[in-house]
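Heads up, the thing below is written out as structure tokens.
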Amino acid sequence: MDLTDACFAGAARQAELLRSGALTARDLVAECLRRIDRHDRALNAFRIVFTDRALAEAEHADARRARGEDAPLLGVPVAVKEDIAIAGLPTTKGTAAVDTTAPADAEIVRRLRDAGAVIVGRTRMPELGLWPHTESTWAGATRNPWSPEHSPGGSSGGSAAAVAAGFVGAAIGTDGAGSIRIPSACTGLFGIKPQRDHVPLAPDRDVWNGLVAAGPITRHVADAALLLDVLVPGTDHTAAVTEQRTLRVAVSLRTWGRGIPVDPEARDAVLDTAGLLADLGHDVTRVDLDQHDLTGPAWFAVRYLHCAVTTEQRLDRPDRLDARTRAVAALGRSLPAPVVRAALARTAKLTEHANRIFADHDVLLTPALTRPPLRIGELGRLPTIAALLAAARMTTFLPLWNVTGNPAAAVPAGHTRTGLPLAVQLVAATDDHATVLTAAGQLERARPWTDRRPPAYP
Numbered sequence: 001m002d003l004t005d006a007c008f009a010g011a012a013r014q015a016e017l018l019r020s021g022a023l024t025a026r027d028l029v030a031e032c033l034r035r036i037d038r039h040d041r042a043l044n045a046f047r048i049v050f051t052d053r054a055l056a057e058a059e060h061a062d063a064r065r066a067r068g069e070d071a072p073l074l075g076v077p078v079a080v081k082e083d084i085a086i087a088g089l090p091t092t093k094g095t096a097a098v099d100t101t102a103p104a105d106a107e108i109v110r111r112l113r114d115a116g117a118v119i120v121g122r123t124r125m126p127e128l129g130l131w132p133h134t135e136s137t138w139a140g141a142t143r144n145p146w147s148p149e150h151s152p153g154g155s156s157g158g159s160a161a162a163v164a165a166g167f168v169g170a171a172i173g174t175d176g177a178g179s180i181r182i183p184s185a186c187t188g189l190f191g192i193k194p195q196r197d198h199v200p201l202a203p204d205r206d207v208w209n210g211l212v213a214a215g216p217i218t219r220h221v222a223d224a225a226l227l228l229d230v231l232v233p234g235t236d237h238t239a240a241v242t243e244q245r246t247l248r249v250a251v252s253l254r255t256w257g258r259g260i261p262v263d264p265e266a267r268d269a270v271l272d273t274a275g276l277l278a279d280l281g282h283d284v285t286r287v288d289l290d291q292h293d294l295t296g297p298a299w300f301a302v303r304y305l306h307c308a309v310t311t312e313q314r315l316d317r318p319d320r321l322d323a324r325t326r327a328v329a330a331l332g333r334s335l336p337a338p339v340v341r342a343a344l345a346r347t348a349k350l351t352e353h354a355n356r357i358f359a360d361h362d363v364l365l366t367p368a369l370t371r372p373p374l375r376i377g378e379l380g381r382l383p384t385i386a387a388l389l390a391a392a393r394m395t396t397f398l399p400l401w402n403v404t405g406n407p408a409a410a411v412p413a414g415h416t417r418t419g420l421p422l423a424v425q426l427v428a429a430t431d432d433h434a435t436v437l438t439a440a441g442q443l444e445r446a447r448p449w450t451d452r453r454p455p456a457y458p
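Numbering (full-length UniProt numbering), first residue to last: 1 to 458.
What follows is the structure in structure tokens.
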């Protein structure tokens, strides 16, 4: 396998190549860094690249292997989102508003390093993770490897762009309202939001009042399972990927909120996937049950705006934020405290109601997004409230599962007529990561998606 193919092989295959001696960590990481140096000025996936440290860590990985040592990700290049703490650096959260440096690595980073991963760099996000694109006035736009005129989504847009362009074998994102699933869907990758608290967020706790989970964005389902095994020691997510059990699949095209249109290509991706699952022997049923009352999206909007305020309040220099970000936080400050408390108090009831579908079904299949990826600057041309509403319509199938905490994943499902990625969402019952990984693994084997690469990133 040549080095370019190795860069696109994904974390699990890279680990195998390194373990077999077919490749050295030094060569793999150096090629990833060369690709970043060549392409990232235009793509803008990385906030910072750790060139010297990454090469040193790769050489150390090779030395460990020469001594007969091994580790699950020994020598594998990985990127992490800029809201995850790295010792000695400010945890910038997509802003220029943080000066205080982190005293230690986040637990996620520590576990990656303990598993031998080489942290190549930190990936970009929109300010405070508030948007389904990755753009700011001061950092510019992160672009989609499949089309430079389009966004890779957000808020983990830099992580997804880095994996899709073959810069790293895997990346870590965070998801508070779809922020792993959105960019994965926009870039043709597999991205899983784990169950709440499955992957530790320390030193942070209860991020966005429990909405946020951290998880992998990868080329293959097996890559994500391997990273979850590393991030949650004592688990075996990898075994689920190759399971052949028959599943009861519920298919829904009902949006969270009435009157939201679903683009025909996004709808057809779901129906095609449902047909494929039926062909694979699964019990597939159309179930458009009302899982939420009509006010559900409004209550979620209250939580979202409140989270913008609480995140802004923790910044060293909130005056450095973009005007749009300050406007969203101002909307949050205008909310009466009793309204915020009422929104938070609805979590348990909504969780119980939404999970009723899993009494009779193993997995729920929905669109990931209601439309193909945004164009660069598309939301920026709208007034703030109009942009928020447009973002909510695009992501309507996603945030419910942040409120409930269920595991949910974006799974590639072909491309639009113009070549942009399409995706579906898989959701399972509380803590049932195995079912999501099993269903996704079967879809990948039946309809492989990684042979096709963004044409501008050979």
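Virtual Cβ for every residue (Gly too), placed ideally from N, Cα, C. Every value quoted in this text rests on a predicted model; they were computed, and no experiment measured them.
In the structure shown, Phe190 falls within a strand segment according to DSSP collapsed to helix, strand and coil.
Nearest to Pro297 by alpha-carbon distance, out of Trp146, Leu271, Thr246 and Leu350, is Leu350. In this model, Ser156 and His133 are separated by some 9 Å (Cα to Cα). By the neighbour-count criterion, in which 16 or more other beta carbons inside 10 Å mark a residue as buried, Glu149 falls on the exposed side.
About 6 Å separates the beta carbons of Gly178 and Pro399, which is inside the 8 Å limit, making them a contact pair. Uninterrupted beta strand (DSSP E) stretches at least 3 residues long and entirely within the stretch 304-328 do not occur.
Beta-bridge partners of Gln425 (DSSP): Thr366 and Ala410. One thing to note: Phe46 has its Cβ no nearer than 8 Å to the Cβ of Thr101. Judged by beta-carbon spacing, Leu305 lies within the 8 Å limit of Leu331, meaning their Cβ atoms are closer than that value.
Its Cα nearest to that of Ala42, the residue Thr142 stands out among Thr92, Thr142 and Ala342. Residue environment: Ala386 is assigned as exposed (fewer than 16 neighbouring CB atoms within 10 Å of its CB, all protein chains considered).
Under a 10 Å Cβ-count criterion, Ile48 is classified as exposed, with fewer than 16 other Cβ atoms of the shown protein chains found around its own Cβ. Short of 8 Å from the beta carbon of Val363, and not among the five residues preceding or following it, lie these beta carbons of its own chain, in chain order: Leu247, Arg248, Val249, Ala250, Leu426, Val427, Ala428, Thr435, Val436 and Ala439. Scanning its chain for C-beta atoms nearer than 7 Å, with the 5 sequence neighbours on each side dropped, one finds around Glu107 the residues Pro200 and Ala202, in chain order. DSSP lists no beta-bridge partner residue for Arg267.
Rounded to the nearest whole angstrom, the CA to CA distance from Ala25 to Pro77 is 8 Å. Sequence-distant partners of Ile260 (beyond 5 residues in either direction) whose C-beta falls short of 7 Å from its own C-beta, in its chain, are Thr370, Arg393 and Thr396. In this structure His39 does not touch Ala162 by the C-beta definition: roughly 10 Å separates them, more than the 8 Å allowed.
The closest CA to that of Trp401, considering only Asp268, Pro383 and Arg181, is found on Arg181. Taking the C-beta atoms as reference points, Thr242 is found no nearer than 8 Å to Gly21. In this structure, the alpha-carbon of Glu127 lies about 26 Å from that of Leu228. For Gly158, the enclosing alpha helix (DSSP H) stretches over residues Gly157 to Ala164.
CA-CA distance, Gly405 to Asp206, rounds to 12 Å. A Cβ-Cβ separation of about 15 Å leaves Gly129 out of contact with Gly191 under the 8 Å criterion.
Taking His361 as the centre and dropping the five residues before and after it, the same chain places the C-beta of Arg248 and Ala250 closer than 6 Å to its C-beta, in chain order.
Contact check for Lys193 against Ala408 passes: the beta carbons are separated by less than 8 Å. Sequence-distant partners of Pro412 (beyond 5 residues in either direction) whose C-beta falls short of 6 Å from its own C-beta, in its chain, are Gly188, Ala423 and Trp449. Of the other Cβ atoms in all chains shown, 16 or more fall within 10 Å of the Cβ of Ala58; this residue is therefore buried.
The three-state secondary structure of Lys349, taken from DSSP, is helix. As computed with DSSP, Glu135 is found in a beta bridge with Ala141. For Ala45, no beta strand (DSSP E) run applies, since DSSP gives it neither H nor E. In the three-state scheme derived from DSSP, where H, G and I count as helix and E and B as strand, Pro338 is classed as helix. By the C-beta density criterion, Arg417 is exposed, having fewer than 16 other C-beta atoms within 10 angstroms.
The beta carbon of Ala12 sits closer than 7 Å to those of His220, Ala222, Asp223 and Leu226, all from its chain and outside the five residues before and after it, given in chain order.
Between Thr255 and the set Thr347, Gly10, Val287 and Leu23, the nearest pair of CA atoms involves Val287. The beta carbon of Pro372 sits closer than 6 Å to those of Thr416 and Leu420, all from its chain and outside the five residues before and after it, given in chain order.
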